[in-house]
Structure formats: structure tokens, C-alpha cells
Amino acid sequence: MCRACNAQGLPARIRAGRHTGAAGRIPYRRTGVATVSSDEQYDPRAVQDKWQARWAELDPFKAVEEDDGRERRYALDMFPYPSGDLHMGHAEAFAIGDVPARYWFQRGYNVLHPIGWDSFGLPAENAAIKRDSHPAEWTYANIDTQAASFKRYAPAFDWSRRLHTSDPEYYRWTQWLFLRFYERGLAYRKGGQVNWCPNDQTVLANEQVVGGHCERCGALVEKRVLTQWYFKITEYADRLLEDMKQLEGKWPERVLLMQRNWIGRSTGADVDFVIEGRDEPVTVYTTRPDTLYGATFMVVAADADLAEEIVAPEQRTAFEAYREEVSRESEIERLSTERDKTGVFLGRYAINPVNGERIPVWASDYVLAEYGHGAIMAVPAHDQRDLDFALKFGLDVRVVVDTGEPHPTETGVATTGDGRIVNSPAIEGLSKAEGIARITEVLAERGTGKASVNFRLRDWLVSRQRFWGCPIPIVHCEACGEVPVPDEQLPVRLPDNLRGADLAPKGTSPLAAAADWVNVECPKCGGSAKRDTDTMDTFVDSSWYYFRYCSPDYTEGPFDVEQVRKWMPIDQYTGGVEHAILHLLYSRFFTKVLYDMGMVDFTEPFTRLLNQGQVILNAKAMSKTTGNLVDLGEQIAEHGVDVVRLAMLFSGPPEDDIDWADVSLHGMAKFLSRVHRIASEVASDPGADATTGDEGLRRVTHHTISEATTLVDSHRFNVAISRIMELVNATRKAIDSGPGAADPAVREAAETIAILLSLFAPYTAEESWALLGRSAPVTKAGWPTADPVLLVQETVTCVVQVAGKVKDRLEISPEISDADLEALALASPKVQDALGGPPPRRVIVRAPKIVNIVPGA
1 MCRACNAQGL
11 PARIRAGRHT
21 GAAGRIPYRR
31 TGVATVSSDE
41 QYDPRAVQDK
51 WQARWAELDP
61 FKAVEEDDGR
71 ERRYALDMFP
81 YPSGDLHMGH
91 AEAFAIGDVP
101 ARYWFQRGYN
111 VLHPIGWDSF
121 GLPAENAAIK
131 RDSHPAEWTY
141 ANIDTQAASF
151 KRYAPAFDWS
161 RRLHTSDPEY
171 YRWTQWLFLR
181 FYERGLAYRK
191 GGQVNWCPND
201 QTVLANEQVV
211 GGHCERCGAL
221 VEKRVLTQWY
231 FKITEYADRL
241 LEDMKQLEGK
251 WPERVLLMQR
261 NWIGRSTGAD
271 VDFVIEGRDE
281 PVTVYTTRPD
291 TLYGATFMVV
301 AADADLAEEI
311 VAPEQRTAFE
321 AYREEVSRES
331 EIERLSTERD
341 KTGVFLGRYA
351 INPVNGERIP
361 VWASDYVLAE
371 YGHGAIMAVP
381 AHDQRDLDFA
391 LKFGLDVRVV
401 VDTGEPHPTE
411 TGVATTGDGR
421 IVNSPAIEGL
431 SKAEGIARIT
441 EVLAERGTGK
451 ASVNFRLRDW
461 LVSRQRFWGC
471 PIPIVHCEAC
481 GEVPVPDEQL
491 PVRLPDNLRG
501 ADLAPKGTSP
511 LAAAADWVNV
521 ECPKCGGSAK
531 RDTDTMDTFV
541 DSSWYYFRYC
551 SPDYTEGPFD
561 VEQVRKWMPI
571 DQYTGGVEHA
581 ILHLLYSRFF
591 TKVLYDMGMV
601 DFTEPFTRLL
611 NQGQVILNAK
621 AMSKTTGNLV
631 DLGEQIAEHG
641 VDVVRLAMLF
651 SGPPEDDIDW
661 ADVSLHGMAK
671 FLSRVHRIAS
681 EVASDPGADA
691 TTGDEGLRRV
701 THHTISEATT
711 LVDSHRFNVA
721 ISRIMELVNA
731 TRKAIDSGPG
741 AADPAVREAA
751 ETIAILLSLF
761 APYTAEESWA
771 LLGRSAPVTK
781 AGWPTADPVL
791 LVQETVTCVV
801 QVAGKVKDRL
811 EISPEISDAD
821 LEALALASPK
831 VQDALGGPPP
841 RRVIVRAPKI
851 VNIVPGA
């Protein structure tokens with residue numbers, strides 16, 4: 001059993017998994033455990049106000065813009081949304097993100113660790129409607145509340161760089177960036193089907209629809225045809241994939257996989273099918289052009305413009321009724337393999353370009369308008385959805401890949417293996433790869449197709465029909481069309497006279513009703529014009545905020561290019577894995593555009609990414625509806641910041657979930673009391689020569705320094721804390737039953753505890769540092785260096801087993817050879833007694849840790 005965990009009163013389930021890091025279970029060194037004195041009265045809450053005021057006065061975490069010879073490091077936490085006070089998720093995320101920042105401060109780096117708020121968004125607007133107020137009132141009141149809570153929670157922030165994305169001084173530059181994208185053809189407006197949330201009365205990007213429902217409110221998403229603004233992220237799809245090579249081994253693999261899957265690059269061919277009665281051929285994208293001879297019908301997305309265009313007059317009534325049904329289905333429902341296939345014949349035929357066959361054209365919901373070109377060639381023998389459709393409507397099923405399996409019409413299961421191609425004259429007998437290459441050549445020779453690359457990724461829809469967001473800086477003029485607002489007229493400010501009911505969703509942006517704001521003079525011709533009344537998706541604001549932190553007061557552009565080159569890319573980014581696709585993908589896209597604009601000299605913004613788990617309760621996510629919320633403010637009021645922070649960080653690896661029901665706050669408080677007591681009892685003077693102190697304690701201290709350094713570097717914070725606990729135990733033992741509190745080695749150990757603990761429990765660390773007679777803040781102490789001489793183990797304990805039972809323990813050199821260790825083990829009187837005379841049958845040596853001896857007959 002881990003003695004330190006047991007001493008802290010931690011539950012057995014936590015003790016069992018506490019010290020497992022990325023490399024697996026880590027053995028816990030056994031040290032003496034002193035009984036906690038009953039007179040320990042340290043209260044972690046009592047020191048908070050004292051040191052909070054002192055830190056505000058000293059401002060120890062302010063980044064230095066000038067080059068001062070120190071290496072720069074940029075630590076960033078995903079900035080919060082001001083929906084209320086900080087909650088348990090914030091407590092975990094910002095405790096985790098604070099450790100690298102404080103560590104780098106101690107290591108002597110010039111550290112940038114800023115804070116700000118992602119302050120536009122629907123919750124503020126909905127709150128304003130409910131309260132009959134302006135969204136800014138709710139937003140900035142919550143920001144003030146969170147700021148006060150952050151200061152109490154004590155992350156090592158540089159408060160001078162604070163920003164809010166809803167400040168005109170910030171969104172002026174969001175608009176400036178939009179206009180630069182517009183100039184490069186990366187921001188454009190088009191009509192088409194969009195995801196519409198009937199509850200929030202706004203459009204959603206594809207990434208904001210989860211399981212067919214609005215990511216934010218959960219309402220079932222509908223499809224509508226609207227004219228909207230988009231960012232052409234698809235132009236960067238290949239680069240977004242290729243540049244992931246820079247992130248491998250530095251980002252969690254699951255995040256990279258999620259992004260790869262979302263971008264969804266596939267190679268295949270574009271094939272032209274002539275549709276009878278239509279002048280232009282229809283292009284179909286397929287990853288398996290080798291199966292073209294097995295295409296027995298075509299399916300067009302029911303909601304695609306193509307279906308509306310080609311439907312025969314006699315089929316129009318049936319088609320329109322079917323299309324109305326499809327409009328009420330979610331995308332997840334349409335793609336489900338569990339549903340019966342539905343569709344309607346469009347009364348048209350297409351010509352298969354490889355064999356000239358007439359094949360019927362159907363409309364169905366299992367094809368999406370956004371995929372490829374909105375139409376597919378159906379090969380039912382080798383695609384399950386096509387087979388289900390063919391069997392439902394009595395369409396031909398032709399095998400063109402011989403996999404040795406029964407005919408799909410016999411089993412109802414499509415064959416998807418990579419056998420030899422059959423029933424395909426131009427590529428008969430070839431393998432899949434050979435067939436794809438050859439048929440693509442044939443298509444190109446005939447002018448009916450070509451090799452192609454397709455992406456699942458779609459352009460980023462950035463228009464929102466809500467008020468509380470960044471206005472789109474475009475004016476619409478009947479004479480001039482779309483006219484960008486001149487840079488000198490930025491920012492286009494939100495009107496401040498809309499409140500409450502004015503903001504209620506009406507299907508169009510509330511800004512459309514603000515006549516004084518909408519009606520303007522055209523910047524180009526001087527005639528009457530109207531402002532664009534959409535606002536931008538708030539993910540636009542968060543796609544570049546980290547650049548602004550480098551120079552938050554800069555007025556000549558969104559950021560000072562030279563300052564960005566000094567600070568970025570970001571060394572450590574910390575936040576939730578739920579942002580793997582949305583925020584992180586968009587931020588990578590923005591960075592690549594800025595690179596192409598010559599504003600930055602790197603293509604990836606975040607060098608390393610650390611994702612934290614969730615804080616749950618009794619194995620369930622916390623929520624108001626289930627009534628299992630834990631209030632962070634109450635936890636801090638009862639136990640103190642340090643106890644909560646330490647409990648968060650000690651509960652397991654950062655990426656794991658924390659079940660608050662298993663956390664021992666009492667155990668953390670007891671541990672901090674022991675730290676405080678040690679600091680108060682040290683009897684040697686500051687600066688005492690530690691080399692004259694107890695060598696055994698010094699070895700423990702320097703091993704702790706060495707291991708903690710490695711553990712923090714690898715983000716195994718929970719194991720680093722356990723090492724500090726071991727050092728506390730060893731120091732307590734040295735005071736109580738060893739050389740005593742006056743030994744310089746005890747001071748060295750106590751000071752090391754304070755410095756290491758400052759990463760995790762800053763108030764207790766600072767108080768301990770002061771008790772040790774140090775005047776400067778512990779954050780300025782500098783990270784201790786392990787003495788390599790003290791890291792060398794003079795002896796190790798080797799266990800000797802006979803027939804699987806321990807018979808002796810030998811103190812030996814860690815450098816001993818297998819042969820010498822075997823000789824020592826066999827010479828042991830205890831081993832000889834156990835063997836009873838006959839020589840052993842086998843000796844297994846694993847120097848210097850263990851010897852296993854199998855007795856002879």
C-alpha cells in the first residue's frame with residue numbers, strides 16, 4: 001500500500017490507481033510516515049487574502065516585451081466564456097494549464113501566460129431577452145465575477161494583457177481580418193441549403209450539428225435555403241492534413257485522428273454521366289471507379305438542385321412530396337444504416353460511360369447534397385446502402401468483383417473485399433489497385449472522367465442571424481453590389497439601443513430592424529445602401545485571439561508582427577478535447593492564411609496540446625437537470641484554493657476524468673498541514689550549508705528534484721505530487737527521529753518542498769517560503785538543480801527467491817554483473833538452507849533487482 005496516500009486518508013480505489021502515469025505503474029518509494037500532530041491548525045484558507053494582495057502588488061507573472069536574454073515561453077489556456085462564475089471544469093482546466101507556466105517561471109524563462117474572455121455569443125443574448133437588457137450588461141458583469149474568482153484561484157496570469165472579444169477595440173480587427181479574407185477570395189457569399197436551429201433562430205456550421213441536433217441548445221436542426229457568408233477553408237484542406245506531421249507526438253493522437261477524419265480526404269475519380277434530356281453531363285465522384293461496370297442506377301440527393309432540375313413532369317408531384325419529407329430529417333437519420341431506404345424515381349435515365357447502358361435515376365435521402373457533386377453511381381453488389389435500396393425497389397444487382405462470397409441477392413449482404421474484377425471488359429481479371437488505375441486512364445482517354453480528390457470538409461459557414469456577435473463589415477448597394485467597409489471606418493459597431501424584446505429571434509437578424517444602423521451611404525458610389533445584418537460565428541473571434549495577446553494594445557493592426565514572431569508559436573496549449581474539430585481546426589486555418597499574408601512565419605499555432613478530462617460525480621457528468629452539480633465557490637470557501645487545486649491535480653493524469661466523489665479533500669488538507677508544520681519547525685538559518693547535513697535526507701531531496709523535473713516535463717503532475725509527499729514524509733522522519741530540525745539538510749528539503757509545491761498549491765508554498773525566512777516570492781526562487789553525485793545509488797536491495805518465496809535480501813552495487821550476483825545469491829546461508837543440499841536446477845538473474853532460484857530434484 002502507498003504509505004503517503006494512506007497517510008492522506010485517500011479512498012482505496014484512488015490509492016490503487018493514483019501513481020500510474022503515461023509510462024504505466026510507477027513504484028512508490030517507501031519512507032517513514034510520522035503521525036500527524038493533533039496540534040496542527042494550519043488553515044489553507046487563512047493565507048489566501050494575504051498573498052493575493054502581495055502578488056497583486058509585486059505582479060510577479062508579467063511578461064517582459066523587451067529582449068532581456070531569457071528564453072521565451074508562451075503558455076495558453078483556452079479562454080473561458082462568461083456564462084456565470086467559474087465552475088469545476090474551469091478549476092481543473094486552469095489548474096492543469098497553470099503548472100507548466102509556473103514551472104517555466106521557476107526555470108527562469110520569460111513567460112507569457114495571458115487571460116481573456118470569449119465574450120460574444122448566444123447565452124448573453126438570450127439572457128438579455130429574458131432580462132430586457134443589453135447583452136453587454138450580463139456579459140461584463142459575469143466577466144467581473146470570473147475575474148475576481150480567477151484571482152482567488154491564483155493562476156499565474158499576466159493580467160495586463162486581458163482582452164474581451166466583444167470590445168470594439170478587439171472586434172475592429174476581427175472585421176479587418178474578414179476583409180483581408182474577402183480580398184483573397186476566402187470570404188464569399190452564396191445561397192444554398194444550410195443547417196437552421198429553430199430554437200436559436202440562426203444557422204449553424206456543419207461542425208455545430210451533433211447527431212442532427214444543435215450543439216448548443218439541443219434542438220432538432222432543419223434545412224433551409226439562405227444566402228450566407230462562408231470562409232473557404234476547403235482551399236486549405238490538403239495543407240491542414242499535411243501539416244499535421246508537425247504535430248505528431250506533440251498533440252494527442254486522438255485529436256489528430258478526429259481532424260483527419262473530419263477533413264476526410266479520399267482519392268478516386270470524377271466520372272461524367274450523360275442524363276437524357278440534359279445538355280450538361282452530371283459529374284459523379286467515386287472512390288471505386290473499378291466498379292463502374294456494376295453501376296446499375298444513379299441516386300441524386302433529394303434536396304440537391306440537380307434533382308429539382310431533372311425530375312420529369314409526370315414525377316414532379318411525387319418528388320416534391322418526398323422532398324418535403326426529407327427536409328424534416330436530420331443528417332444523422334439520413335446516414336443511418338438501420339433505416340429502411342426511401343426514394344422516388346425521377347423519370348430520367350443516365351448513360352453509364354463505360355458500357356453505354358441506360359440506368360434509372362432516383363432521388364433518395366441517403367445521399368447528401370454536400371457530398372461530392374450531390375449524386376452517386378450506385379453499385380449495389382458492393383455497397384450495402386446501394387444494395388438495400390436496390391432490393392427495396394427491385395433494381396439490378398451485378399457482381400463486378402469476385403471475392404468468392406455468395407451473390408449479394410442471396411444473402412442480402414454486399415461483398416466489399418478486394419478480389420479480382422469480373423464482368424468488366426476493359427479491366428477484366430485485374431486487382432482493385434490495377435483496375436482503378438486502368439479504368440481512370442480509359443475515362444481520361446474517352447474524355448468522360450479523370451482522377452480526383454474529394455474531401456468531407458465543407459466551407460465554414462460564418463453567418464449568424466443574431467445580434468451579439470461581430471458585425472460583418474460589408475455594405476450592399478444596388479449599384480455596386482457588395483462593398484467592403486473601408487479600413488478607416490472600422491469598427492462597424494453594434495448599435496447600443498437594442499434591448500430585450502428587440503433581440504428576440506424572428507428568423508432574421510435583430511440588426512435588420514435597426515433602421516438607423518442598417519441604412520448607410522455606399523462607401524464606393526455615395527448612394528443609398530444597407531449594411532449586412534448578419535454577425536459572425538463566435539469561432540471567428542477565437543480563431544485568432546492568441547495572436548492579440550502578444551500585443552493587446554497595438555493599434556496599427558490585429559497584432560504587432562514582431563511581437564508575434566518573438567512569442568509564437570505557442571509552446572503549450574491547454575483545453576478540452578471537445579474543441580478538437582471546431583476551434584482547433586479553425587485556428588490552424590487562420591494561421592495558414594496569416595502565413596500566406598506574410599504576417600507570421602509559422603504554419604501551426606500550437607506546438608503542444610494538452611487536453612484535460614471532465615470533472616464528474618459518481619461516474620456521471622455534472623448537470624443542473626440531474627441535480628448533481630458541485631459548486632466550486634462552496635468547495636473553495638470550505639476547503640481553500642490549495643486543497644481544491646491539489647485535489648484536482650493529484651486525482652490522476654490530466655487527460656483522465658475526475659470523479660469528485662472519490663476525491664479526498666480532507667487528505668489534501670492534512671498533507672498541506674504537514675508541509676506548513678515542517679516549514680515552521682526548521683531551525684537552521686537561511687543559506688545554511690546543506691552539504692554538512694544528513695546525506696540520507698539529501699539523497700531523497702535530490703532524487704525528488706530529479707524525478708519531479710522529469711514528471712512535470714511529461715505532464716505527469718499527479719506522480720510529481722506523490723514524490724513531494726514522499727519527501728515530506730522523509731523530512732518529517734528526519735525532524736522527529738533523525739538529525740533534527742536544525743540540520744541544514746532539513747532546511748534544504750523544506751525549501752525544495754516549497755518550490756516544487758508552488759506549481760500545485762501556491763498559497764501554502766508562499767506561506768512556507770516566508771516561514772523559512774525568505775523575503776522574495778517563492779515564484780522567484782528558481783527551480784532547484786539535482787546534484788548528480790547524490791543521484792548515484794551506492795547500493796540497491798536485491799530480492800532472492802527460492803521456489804517463488806523470498807529467502808534473502810542482498811545490499812549490492814547497482815552495477816553488479818549477472819554472474820557476480822548469481823554467485824552472491826548462491827553463497828547466502830539462507831538460500832543454502834532453503835535449497836537443502838542439491839544444486840539448483842535453474843538460476844534466473846535480473847541484476848540488480850532479483851534472483852529466482854529453481855531448486856534441484
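Heads up: the sequence shown runs through residues 1 to 857, numbered per UniProt numbering. In this text, a Cβ means the ideal position worked out from N, Cα and C, and glycines have one as well.
Please classify residue 597 as buried or exposed, where buried requires at least 16 other C-beta atoms within 10 Å of its C-beta. As a first step, residue 597 must be located in the sequence shown, where it is residue number 597. With fewer than 16 Cβ atoms within 10 Å of its Cβ, residue 597 is classed as exposed.
Cβ-Cβ distance between residue 282 and residue 375 below 8 angstroms: Within the sequence shown, residue 282 is the residue found at index 282, counting from 1. Within the sequence shown, residue 375 is the residue found at index 375, counting from 1. In this structure, residue 282 places its C-beta atom within 8 angstroms of the C-beta atom of residue 375.
The stretch 307–324 contacting the stretch 218–234, beta-carbon criterion three pairs below 8 angstroms: No, they do not touch.
Per DSSP, what kind of secondary structure is residue 472 in: helix, strand or coil? Translated into positions along the sequence shown, residue 472 becomes position 472. Coil at residue 472, not helix or strand.
With a cut-off of 8 angstroms, do at least 3 Cβ pairs link the stretch 728–737 to the stretch 767–783? no
Return helix, strand or coil for residue 192, following the three-state DSSP convention. Here residue 192 is taken as the residue at index 192 of the sequence shown, counted from 1. If DSSP states are grouped into helix, strand and coil, residue 192 belongs with the strands.
Assign residue 595 to one of three DSSP states: helix, strand, or coil. Here the question's residue 595 lines up with position 595 in the sequence shown. Residue 595 falls in the helix class under three-state DSSP.
In angstroms with no decimal places, state the Cα-to-Cα distance between residue 38 and residue 58. Locating residue 38 in the sequence shown gives position 38, where the first residue counts as 1. Locating residue 58 in the sequence shown gives position 58, where the first residue counts as 1. Its pLDDT being 36, under 50, residue 38 is placed unreliably in this model, and the value from its coordinates should be taken loosely. Their backbone Cα atoms lie some 36 angstroms apart in a straight line.
What did DSSP end up calling residue 574 once you bin it into helix, strand or coil? Reading the sequence shown from its first residue, position 574 is the one you call residue 574. Per DSSP, reduced to three states, the secondary structure at residue 574 is strand.
Provide the residue(s) that pair with residue 359 in DSSP beta bridges, ordered along the chain. Residue 359 sits at position 359 when you count from the first residue of the sequence shown. Note: residue 359 sits in a beta bridge opposite 350.
Using DSSP bridges, identify the partner residues of residue 728. By 1-based counting over the sequence shown, the position of residue 728 is 728. Per DSSP, none; premise fails for residue 728.
Using a 10 Å radius around the Cβ and a threshold of 16 neighbouring Cβ atoms, would you call residue 43 buried or exposed? Start at 1 with the first residue of the sequence shown, and residue 43 comes out as number 43. Exposed.
Below 8 angstroms between beta carbons: does that hold for residue 753 and residue 675? Here the question's residue 753 lines up with position 753 in the sequence shown. Here the question's residue 675 lines up with position 675 in the sequence shown. In this structure, residue 675 lies closer than 8 angstroms to residue 753 by Cβ.
Taking the alpha helix (DSSP H) that residue 504 falls in, what are its first and last residues? In the sequence shown, counting from the first residue as 1, residue 504 sits at position 504. Note, residue 504: premise wrong, no alpha helix (DSSP H); not H, not E.
Within 8 angstroms, do at least three Cβ pairs link the stretch 80–88 to the stretch 794–804? The stretch 794–804, when compared against the stretch 80–88, does not touch it at the 8 angstroms Cβ threshold.
Are the beta-carbon atoms belonging to residue 112 and residue 53 less than 8 angstroms from one another? By 1-based counting over the sequence shown, the position of residue 112 is 112. By 1-based counting over the sequence shown, the position of residue 53 is 53. Not in contact: residue 112 and residue 53 (Cβ atoms no closer than 8 angstroms).
CB contact flag (residue 705, residue 784, <8 angstroms): Residue mapping note: residue 705 aligns to position 705 of the sequence shown, counting from 1. Residue mapping note: residue 784 aligns to position 784 of the sequence shown, counting from 1. Going by C-beta atoms, residue 705 is nearer than 8 angstroms to residue 784.
Less than 8 angstroms between the C-beta atoms of residue 452 and residue 269, yes or no? Taking the sequence shown and counting its residues from 1, one reaches residue 452 at position 452. Taking the sequence shown and counting its residues from 1, one reaches residue 269 at position 269. Against a cut-off of 8 angstroms, the Cβ pair of residue 269 and residue 452 comes out as a contact.
From residue 144 to residue 640, what does the alpha carbon distance come to, in whole angstroms? If you number the sequence shown from 1, residue 144 lands on position 144. If you number the sequence shown from 1, residue 640 lands on position 640. Cα to Cα, residue 144 sits roughly 21 angstroms from residue 640.
Just how far apart, CA to CA, sit residue 768 and residue 98? As a position in the sequence shown, residue 768 is number 768, starting the count at 1. As a position in the sequence shown, residue 98 is number 98, starting the count at 1. Roughly 20 angstroms separates the two Cα atoms.
Secondary structure at residue 816, three-state DSSP: helix, strand or coil? Residue mapping note: residue 816 aligns to position 816 of the sequence shown, counting from 1. In this structure, residue 816 counts as coil in the three-state DSSP scheme.
Would the beta-carbon of residue 588 fall within 8 angstroms of that of residue 240? Position 588 of the sequence shown, counted from the start, is the residue given in the question as residue 588. Position 240 of the sequence shown, counted from the start, is the residue given in the question as residue 240. The answer is yes: Cβ separation under 8 angstroms.
Please report how far the alpha carbon of residue 848 lies from the alpha carbon of residue 618, in whole angstroms. Residue numbering aside, residue 848 sits at position 848 when the sequence shown is read from its first letter. Residue numbering aside, residue 618 sits at position 618 when the sequence shown is read from its first letter. Whole-angstrom Cα-Cα distance: 44 angstroms.
Grouping DSSP H, G and I as helix and E and B as strand, with all else coil, what is residue 494? As a first step, residue 494 must be located in the sequence shown, where it is residue number 494. Residue 494: coil per DSSP, three-state reduction.
Using only CA atoms, which one of 160, 117, 152, 71 lies nearest to residue 61? The residue given as residue 61 occupies position 61 in the sequence shown. For residue 61, the nearest C-alpha among the options comes from 160.
DSSP on residue 111, reduced to helix/strand/coil? In the sequence shown, the residue the question calls residue 111 occupies position 111. Reduced to three states, the DSSP call for residue 111 is strand.
CB-CB under 8 angstroms to residue 262, same chain, minus the five flanking residues each way: which ones, in chain order? In the sequence shown, counting from the first residue as 1, residue 262 sits at position 262. Excluding residues within five positions, the ones whose Cβ falls inside 8 angstroms are 207, 456, 457, 581, 585.
Measuring straight from C-alpha to C-alpha, what distance separates residue 368 and residue 406? Taking the first residue of the sequence shown as 1, we reach residue 368 at position 368. Taking the first residue of the sequence shown as 1, we reach residue 406 at position 406. Residue 368 and residue 406 have their C-alpha atoms spaced approximately 30 angstroms apart.
When burial is assigned at 16 or more other CB atoms within 10 Å of the CB, is residue 592 buried or exposed? Along the sequence shown, read from residue 1 onward, the residue named residue 592 stands at position 592. The residue in question, residue 592, is buried, as its Cβ has 16 or more Cβ neighbours within 10 Å.
Residue 378 (DSSP reduced to helix, strand or coil): In the sequence shown, the residue the question calls residue 378 occupies position 378. Residue 378 falls in the strand class under three-state DSSP.
State the DSSP-derived secondary structure class of residue 783, mapped to helix, strand or coil. The residue given as residue 783 occupies position 783 in the sequence shown. DSSP places residue 783 in coil when its eight states are reduced to three.
By how many angstroms is the C-alpha of residue 392 removed from the C-alpha of residue 277? On the sequence shown, residue 277 is found 277 positions in, with the first residue counted as 1. On the sequence shown, residue 392 is found 392 positions in, with the first residue counted as 1. Between residue 277 and residue 392, the C-alpha separation is close to 27 angstroms.
Between which two residues does the beta strand (DSSP E) containing residue 72 stretch? Along the sequence shown, one-based indexing puts residue 72 at 72. That run of the beta strand (DSSP E) goes 72–77.
What first and last residue would you give for the beta strand (DSSP E) that runs through residue 670? Counting from one through the sequence shown, the residue named residue 670 turns up at place 670. Unbroken run through residue 670 is the alpha helix (DSSP H), 665–681; no beta strand (DSSP E).
Alpha carbon to alpha carbon, how far is residue 534 from residue 221? Give it in angstroms, no decimals. Taking the sequence shown and counting its residues from 1, the one referred to as residue 221 is at position 221. Taking the sequence shown and counting its residues from 1, the one referred to as residue 534 is at position 534. Their Cα atoms are separated by approximately 19 angstroms.
Please state whether the Cβ-Cβ distance between residue 486 and residue 182 is less than 8 angstroms. Here residue 486 refers to the residue found at position 486 when the sequence shown is read from its first residue. Here residue 182 refers to the residue found at position 182 when the sequence shown is read from its first residue. Cβ atoms of residue 486 and residue 182: not closer than 8 angstroms.
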